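Protein chains: 2
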Amino acid sequence: MKSDIEIALECEMKPIVRLAGELGIKEEELEPYGHYKAKLGQPLIDRLRDRPDGKLVLVTAINPTPAGEGKTTTTVGLGEAMQKLGKNCVIALREPSLGPVFGVKGGAAGGGYAQVVPMEDINLHFTGDMHAITAANNLICAAVDNHIQQGNPLGIDPRRITFKRAMDMNDRALRNIVVGLGGPLSGVPRQDGFLISVASEIMAILCLADDLKDLKERIGRILVGYTYEKEPVYVRDLEISGAVTCLLKDAINPNLVQTLEGSPAILHGGPFANIAHGCNSVRATRLALKLGDYCITEAGFGSDLGAEKFLDIKCRAAGLAPSAIVVVATVRALKYNGGVKKGDLALEDPGAVRAGLPNLQAHLENMRKYGVPVVAAINHFAGDFDSEVAEVARCLDEMGVPYALSDVFSQGGAGGVELAQLVCRACEEPGRFAPLYDAALPIEEKIGAIAREIYGAAGVEYTSAARQQMRQIEQLGRDDLPVCIAKTQYSLSDDPKKLGRPRGFTLQVKEVRLSSGAGFLVALAGDIMTMPGLPPRPAACQIDIDEDGRITGLF
Amino acid sequence: MKSDIEIALECEMKPIVRLAGELGIKEEELEPYGHYKAKLGQPLIDRLRDRPDGKLVLVTAINPTPAGEGKTTTTVGLGEAMQKLGKNCVIALREPSLGPVFGVKGGAAGGGYAQVVPMEDINLHFTGDMHAITAANNLICAAVDNHIQQGNPLGIDPRRITFKRAMDMNDRALRNIVVGLGGPLSGVPRQDGFLISVASEIMAILCLADDLKDLKERIGRILVGYTYEKEPVYVRDLEISGAVTCLLKDAINPNLVQTLEGSPAILHGGPFANIAHGCNSVRATRLALKLGDYCITEAGFGSDLGAEKFLDIKCRAAGLAPSAIVVVATVRALKYNGGVKKGDLALEDPGAVRAGLPNLQAHLENMRKYGVPVVAAINHFAGDFDSEVAEVARCLDEMGVPYALSDVFSQGGAGGVELAQLVCRACEEPGRFAPLYDAALPIEEKIGAIAREIYGAAGVEYTSAARQQMRQIEQLGRDDLPVCIAKTQYSLSDDPKKLGRPRGFTLQVKEVRLSSGAGFLVALAGDIMTMPGLPPRPAACQIDIDEDGRITGLF
Numbered sequence: 001m002k003s004d005i006e007i008a009l010e011c012e013m014k015p016i017v018r019l020a021g022e023l024g025i026k027e028e029e030l031e032p033y034g035h036y037k038a039k040l041g042q043p044l045i046d047r048l049r050d051r052p053d054g055k056l057v058l059v060t061a062i063n064p065t066p067a068g069e070g071k072t073t074t075t076v077g078l079g080e081a082m083q084k085l086g087k088n089c090v091i092a093l094r095e096p097s098l099g100p101v102f103g104v105k106g107g108a109a110g111g112g113y114a115q116v117v118p119m120e121d122i123n124l125h126f127t128g129d130m131h132a133i134t135a136a137n138n139l140i141c142a143a144v145d146n147h148i149q150q151g152n153p154l155g156i157d158p159r160r161i162t163f164k165r166a167m168d169m170n171d172r173a174l175r176n177i178v179v180g181l182g183g184p185l186s187g188v189p190r191q192d193g194f195l196i197s198v199a200s201e202i203m204a205i206l207c208l209a210d211d212l213k214d215l216k217e218r219i220g221r222i223l224v225g226y227t228y229e230k231e232p233v234y235v236r237d238l239e240i241s242g243a244v245t246c247l248l249k250d251a252i253n254p255n256l257v258q259t260l261e262g263s264p265a266i267l268h269g270g271p272f273a274n275i276a277h278g279c280n281s282v283r284a285t286r287l288a289l290k291l292g293d294y295c296i297t298e299a300g301f302g303s304d305l306g307a308e309k310f311l312d313i314k315c316r317a318a319g320l321a322p323s324a325i326v327v328v329a330t331v332r333a334l335k336y337n338g339g340v341k342k343g344d345l346a347l348e349d350p351g352a353v354r355a356g357l358p359n360l361q362a363h364l365e366n367m368r369k370y371g372v373p374v375v376a377a378i379n380h381f382a383g384d385f386d387s388e389v390a391e392v393a394r395c396l397d398e399m400g401v402p403y404a405l406s407d408v409f410s411q412g413g414a415g416g417v418e419l420a421q422l423v424c425r426a427c428e429e430p431g432r433f434a435p436l437y438d439a440a441l442p443i444e445e446k447i448g449a450i451a452r453e454i455y456g457a458a459g460v461e462y463t464s465a466a467r468q469q470m471r472q473i474e475q476l477g478r479d480d481l482p483v484c485i486a487k488t489q490y491s492l493s494d495d496p497k498k499l500g501r502p503r504g505f506t507l508q509v510k511e512v513r514l515s516s517g518a519g520f521l522v523a524l525a526g527d528i529m530t531m532p533g534l535p536p537r538p539a540a541c542q543i544d545i546d547e548d549g550r551i552t553g554l555f
Numbered sequence: 001m002k003s004d005i006e007i008a009l010e011c012e013m014k015p016i017v018r019l020a021g022e023l024g025i026k027e028e029e030l031e032p033y034g035h036y037k038a039k040l041g042q043p044l045i046d047r048l049r050d051r052p053d054g055k056l057v058l059v060t061a062i063n064p065t066p067a068g069e070g071k072t073t074t075t076v077g078l079g080e081a082m083q084k085l086g087k088n089c090v091i092a093l094r095e096p097s098l099g100p101v102f103g104v105k106g107g108a109a110g111g112g113y114a115q116v117v118p119m120e121d122i123n124l125h126f127t128g129d130m131h132a133i134t135a136a137n138n139l140i141c142a143a144v145d146n147h148i149q150q151g152n153p154l155g156i157d158p159r160r161i162t163f164k165r166a167m168d169m170n171d172r173a174l175r176n177i178v179v180g181l182g183g184p185l186s187g188v189p190r191q192d193g194f195l196i197s198v199a200s201e202i203m204a205i206l207c208l209a210d211d212l213k214d215l216k217e218r219i220g221r222i223l224v225g226y227t228y229e230k231e232p233v234y235v236r237d238l239e240i241s242g243a244v245t246c247l248l249k250d251a252i253n254p255n256l257v258q259t260l261e262g263s264p265a266i267l268h269g270g271p272f273a274n275i276a277h278g279c280n281s282v283r284a285t286r287l288a289l290k291l292g293d294y295c296i297t298e299a300g301f302g303s304d305l306g307a308e309k310f311l312d313i314k315c316r317a318a319g320l321a322p323s324a325i326v327v328v329a330t331v332r333a334l335k336y337n338g339g340v341k342k343g344d345l346a347l348e349d350p351g352a353v354r355a356g357l358p359n360l361q362a363h364l365e366n367m368r369k370y371g372v373p374v375v376a377a378i379n380h381f382a383g384d385f386d387s388e389v390a391e392v393a394r395c396l397d398e399m400g401v402p403y404a405l406s407d408v409f410s411q412g413g414a415g416g417v418e419l420a421q422l423v424c425r426a427c428e429e430p431g432r433f434a435p436l437y438d439a440a441l442p443i444e445e446k447i448g449a450i451a452r453e454i455y456g457a458a459g460v461e462y463t464s465a466a467r468q469q470m471r472q473i474e475q476l477g478r479d480d481l482p483v484c485i486a487k488t489q490y491s492l493s494d495d496p497k498k499l500g501r502p503r504g505f506t507l508q509v510k511e512v513r514l515s516s517g518a519g520f521l522v523a524l525a526g527d528i529m530t531m532p533g534l535p536p537r538p539a540a541c542q543i544d545i546d547e548d549g550r551i552t553g554l555f
C-alpha cells in the first residue's frame with residue numbers, strides 16, 4: 001500500500017474558493033492561504049448567526065495502544081461517507097502540532113484514504129496558528145521576566161511563576177531549565193521550563209473563546225504566578241492583554257480544507273487532552289454546525305479523557321449538545337487491553353480480544369451516561385482476524401449498541417457508509433444531553449464524580465499540596481469551574497499499566513492548578529508529560545524534500 | 001500627525017492579484033496569504049529566468065542615532081517616487097522581526113506616508129517566514145540534544161555545541177540558560193542560550209540560497225559543534241537536512257505586498273547586520289530585478305555594516321552588481337555624530353551638524369571605493385532647521401555628490417521625486433562594481449581590508465582565541481569565505497562612543513566563527529547582542545486590538 005504522503009500528493013484538490021462556494025461561503029468571506037487552505041473569519045460567522053444548527057456527532061475511542069487507534073481517520077472517513085449518502089456534512093478536527101511530526105507519531109491528518117489535504121502543509125506550518133500561539137505564550141513569559149528585571153513593582157516572586165515558556169517541538173532538554181543566567185544585564189536567574197505549544201493555556205483559551213473580546217478577557221485572566229505576598233498575578237496586571245491578543249487575531253479564525261474526496265473539513269486548535277480539554281475550537285464547531293446539517297468532530301485520546309472533557313468542559317462552556325457519539329474500537333487495542341504485549345498484537349488471539357472487551361464496555365456505558373445515543377465503530381486494520389472481529393461484534397450485540405465495521409483507511413468514504421447510516425439514525429433518536437456534574441459543586445466532588453463515574457475508581461486521594469491548592473482556588477473564588485483531569489491515556493485509571501477495566505483503585509491527585517483564562521481547574525493524577533522527547537531515530541531522519549519541493553517520508 | 005498604524009489602516013489596498021497582474025504575474029504563479037499578501041514561487045522565477053535584469057539601487061546610511069534614520073522609509077518613498085516618474089520599479093526590503101515590535105522600536109515597515117502595507121500583518125506574523133526559520137533552527141537543536149541523550153554515537157561534546165536555540169522575541173532571560181536538567185529522562189545538562197530568530201544562521205542561509213537544492217546543501221553544512229575529539233559536527237551528520245529544509249519550503253519564496261501608494265514591494269528575509277549580512281534574500285532581489293526596470297533595496301544599519309556586507313557578501317555570492325548607491329543622512333544623526341546628547345537633538349545647532357559631517361564624508365568615500373555612482377539623500381524630519389540642512393548641502397556640494405532633500409515620511413512618493421531623478425541619472429553612469437577584497441586572501445588580510453578601508457582603523461588586534469579559531473577554520477579548509485564583521489552600528493569603529501569619523505584606533509577581534517552553511521566567517525569585534533531585551537515599559541503595553549479586530553498602538 002502507498003504511504004499517507006504518497007496518497008495525499010496524488011489527490012487532485014478542488015480550489016478552496018470552489019470548496020467554499022459549495023458551502024455557500026462567498027469569496028470575500030474567505031482569507032486564502034495558498035490555493036487549498038483558507039481562514040473563515042468573523043464576517044462569515046456573523047452572517048450565519050441566525051441559521052439553525054446542524055447535528056453534532058462526537059467521535060471518541062477506547063483506551064488506545066501507543067500507536068493510536070485511528071480516531072481521526074475514522075472521523076474523516078465518516079465525514080466522507082456522510083457525503084456519499086448525500087448529507088451536507090462538515091468535519092471539525094484539531095489541527096496537528098509540528099513537534100510530533102518529527103518524533104514518533106508522524107502526521108495527524110488522518111491516514112490512508114481518509115485524510116485531510118494538503119496533508120504536508122497541514123502537518124507543517126498550516127496557517128500559522130500554532131506559531132501564533134507559541135509567540136503569544138512567550139510574549140507573556142518575556143514580559144514576566146522583564147517585569148522582574150526592571151525593578152519588579154508588582155513584587156512577583158521568581159520562585160512562584162507558574163506560566164511556562166512554549167515551543168512547538170519535541171525537545172526534552174527544555175523540560176527543566178534555568179533562565180536568566182549571565183549577570184545583571186541578562187535577567188534574574190530562576191527555574192523554568194518549556195511546554196510543547198499544544199499544552200499552553202493559550203491553546204486552551206483559543207479553543208474556548210467566543211470571539212476577540214472574549215479572547216482578550218480570557219488572556220487577561222491568565223494566572224502567571226504569585227507575588228512575595230502570595231497574591232495572584234494575572235496577565236492583565238502586566239498590561240499586555242491587547243498585545244497578546246493581537247498575536248492571535250488570525251489564529252482565532254477557523255481553517256477550511258478538504259478531505260481526499262473533497263468533503264469540507266474545518267481544522268482549528270488542538271489542545272492536549274490531559275492537561276487541557278483536547279478538542280478543536282468552539283468557533284470551529286459552531287461554524288461547522290452552521291455550515292452543515294451534520295458536524296462530525298473528535299476529541300483526543302480515549303473517551304475517559306477527550307470525550308469527558310468535550311462533554312463536561314467544551315459543550316458546557318459553549319452551550320453545545322451532541323446528537324450522537326461514536327466510540328471507535330480496534331481489535332488491536334482490545335488485544336492490548338486484554339494483556340497482549342505490543343510486539344505480539346499481529347498474532348491471532350480472539351481470547352485476548354475477549355479479555356479486553358470490558359474496556360470497550362466501560363467506554364460505551366460511560367458515554368451513555370450523558371444521555372446521548374451511542375454507536376460503535378470497529379476500525380478495521382489489514383491484519384485483523386475474523387475470529388477477533390466476531391468477538392467484538394458479539395459483545396456489541398449483547399450490549400445492544402448499534403455498530404459497523406469501518407474500513408475508511410483503505411477504502412475512503414465507501415468504507416464508512418454503514419457507519420454513516422447508523423450515525424444518521426442515532427441522530428434522529430431523542431437526546432437529552434446533560435453534563436456529568438454540576439460545576440457549582442465543591443472541587444473534590446467534581447473530581448470524585450469523574451473518578452467514580454467515568455474511570456471506575458473507588459475513591460480519590462489528594463496530596464497535601466493538592467489540598468492546599470484547592471483551598472487557594474476557593475479563596476480566589478474560582479472553585480466553580482469545571483475540572484480537567486490530567487492522567488494517562490493508556491488506562492481508565494491513573495496507572496498506564498492497569499489495562500482493561502480496572503476497579504477498586506484510588507485516583508491519586510498530586511496537584512490542582514487553576515487554568516484561569518481557559519476557565520477550568522486541572523487536577524494532575526500522575527506524571528503528565530507536557531514536553532515530549534524525540535525517539536532514538538526521529539521521524540525527521542526519514543523526511544526529505546527534493547529540488548522540486550516534493551516531500552517524502554511524512555506519514 | 002497621524003500614527004503609522006492610523007495611516008496604514010486608512011489605505012485602500014489593491015487586491016494582491018491585481019498588483020501582481022500589473023507586474024505581469026499570472027494568478028496561478030501567486031500563493032495568496034489573504035487578499036493583500038502573496039508568495040512568489042519557483043514557477044515564476046523559472047519563467048522569468050531569461051529576462052534581462054533591471055538596475056539595482058542600494059539604499060544605505062550614515063551611523064544612526066539609537067532611533068534609526070529612516071532608511072526603510074526612504075527606500076519605500078524612493079520606490080514610490082520612481083513610480084511617479086513612470087518608472088517600472090520594485091522595492092526589495094527585509095521583513096520585520098516580531099521581537100522588536102513589542103520592545104522599543106515598534107514596527108519596521110517604513111513610516112508616515114512611506115510604508116508597506118498591510119503594515120499590521122507585516123509586523124506580526126506576515127507569511128510565517130520568521131516562524132518557519134525559528135522552527136527549523138530549533139529542530140536542529142532538539143536533534144543535537146536528542147543525539148546526545150540517545151547514546152551519542154557521534155561523540156558530540158556537550159561543552160562544545162556552538163549552534164544555539166532561537167526565538168522571535170526580545171527576551172533577555174533566554175540569553176544564557178542551562179538546559180537538560182531534571183534527571184536522566186530529560187536530557188543531558190549543558191549551557192545553552194537563545195538567539196533572536198533573525199540572528200539564526202538559518203536566516204542568513206535562507207537569504208543567500210539560490211533554490212531548495214542549494215538551501216538543503218547549505219543546511220547540511222551548518223556546523224553545530226565539535227566531538228570530544230574536536231572534530232566538526234554538521235547538520236548532515238544528524239541526517240535531518242531534509243526535514244529542516246521541509247520546514248522552509250514556503251519560507252524560501254519571496255513575499256509580495258504594496259506600498260501605501262500601490263507600488264510593488266517584495267519583502268523577504270531579514271538577517272541581523274552584525275553577526276549576519278543584513279540584507280533581504282538573494283531570491284527576492286533577483287526576482288525584483290526580473291520584474292522591474294529598477295530594484296530599490298536596503299541593507300541594515302550604516303554603510304559600514306549593511307552596505308559593506310551587501311556588496312562584499314551578498315553581491316559577490318549572487319553575482320549582483322548595483323548601479324547606484326543612496327546614502328541616507330539626517331540632520332539629527334549628524335548632530336549626534338557631532339557630539340550632541342540624545343535629549344538635545346531637537347535644538348537648532350548647525351555647528352554640531354558641521355562637527356558630525358566627517359561621518360557622512362566617510363560613508364560617501366567608502367561607497368565610492370566600490371566603483372558605483374553614489375547619491376546622497378537628506379531625510380527630512382519635521383524639526384530640522386534650514387541652517388542645519390544648509391551645512392549638509394554645503395558639504396555635499398564640496399564633495400561633488402549629487403543630493404536631494406527627501407520628505408517621503410510626510411509626503412509619500414511626492415517627497416522623493418527629486419531624489420528619484422538623481423538616482424535614475426546615476427544609474428546611467430558607467431559602473432565598474434568590484435568587491436573590496438579578494439575572498440581567497442588569508443582571513444587576517446580580509447578583516448584588515450575592511451577595518452582599514454571602511455572603518456578607518458589603524459590596525460587589527462586579535463585575541464588568542466580568535467587566532468586559534470582562524471587556524472581551525474583554515475584546517476577545515478573554509479578560510480576562503482568572505483568575512484562578516486560584527487561590531488556596533490553606532491560608530492565606524494568598534495566602540496559605540498567614538499562618534500563622527502574616528503581614526504587611529506585598533507579594531508579588537510575577540511572571536512572568529514564559521515557560519516558554514518551561510519558561507520561566511522563572522523569576526524566579532526565587541527559584545528554583540530544576539531538576543532535583545534525589553535525596555536522598562538515595552539511597546540507591548542501600548543498595543544491593543546478591539547472586538548472588531550482594529551489594532552492600535554503599533555508604530
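Those protein sequence lines, which keep their order, are chains X and F. Quick note on numbering: UniProt numbering labels position 30 of the first sequence as 30, and the sequence is numbered without any gaps. Quick note on numbering: UniProt numbering labels position 65 of the second sequence as 65, and the sequence is numbered without any gaps. Idealized CB from N, CA, C, for every residue including glycine. If you're wondering where the values come from, they're calculated on a predicted model, not measured in any experiment.
Could you confirm whether any beta carbon from chain X is found closer than 7 Å to the beta carbon of residue i?
i, result
"F:Phe194", "no"
"F:Ser186", "yes"
"F:Pro153", "no"
"F:Ala199", "no"
"F:Asn337", "no"
"F:Cys541", "yes"
To which residues of the same chain is residue i closer than 8 Å at the C-beta, ignoring the five residues directly before and after it?
i, result
"X:Glu229", "Gly155"
"X:Leu139", "Ile240, Ala243, Val244 and Leu247"
Please confirm if residue i has its CB atom under 7 Å from at least one CB of chain F.
i, result
"X:Gly182", "yes"
"X:Val257", "no"
"X:Arg175", "yes"
"X:Lys309", "no"
Use the C-beta contact count for residue i: other C-beta atoms within 10 angstroms, 16 or more gives buried, fewer gives exposed.
i, result
"F:Gly103", "buried"
"X:Ala458", "exposed"
Going by beta carbon distance, what residues of the same chain come within less than 7 Å of residue i, once the five residues before and after it are set aside?
i, result
"X:Asp480", "Ala439 and Ala440"
"F:Ile545", "Ile551"
"X:Glu28", "none"
| field | Cβ-based contacts, 9 Å cut-off: residues of the segment 157–172 of chain F near chain X | value | Hits within the stretch, in order: Arg165, Met167, Asp168, Met169, Asn170, Asp171 and Arg172.
| Near-chain F residues of the segment 219–247 of chain X (beta-carbon distance less than 9 Å), N- to C-terminal order | Listed by position along the chain: Leu238, Glu239, Ile240, Ser241, Gly242, Ala243, Val244, Thr245, Cys246 and Leu247.
| Members of the segment 91–110 of chain F that neighbour chain X once the beta carbon cut-off is set at 7 Å | Considering only beta carbons, the part of the segment 91–110 of chain F lying closer than 7 Å to chain X consists of Leu98 and Phe102, in chain order.
| Taking any Cβ of chain X, which residues in the segment 130–143 of chain F have a Cβ under 9 Å from it, in chain order? | Those would be Met130, His131, Ala132, Thr134, Ala135, Asn138, Leu139, Cys141, Ala142 and Ala143, in chain order.
| said: Quick check on the DSSP output: what are the complete alpha helix (DSSP H) runs of length 4 or more inside the segment 198–264 of chain F, in order along the chain? | reply: You should have 201–208, 212–220 and 241–246.
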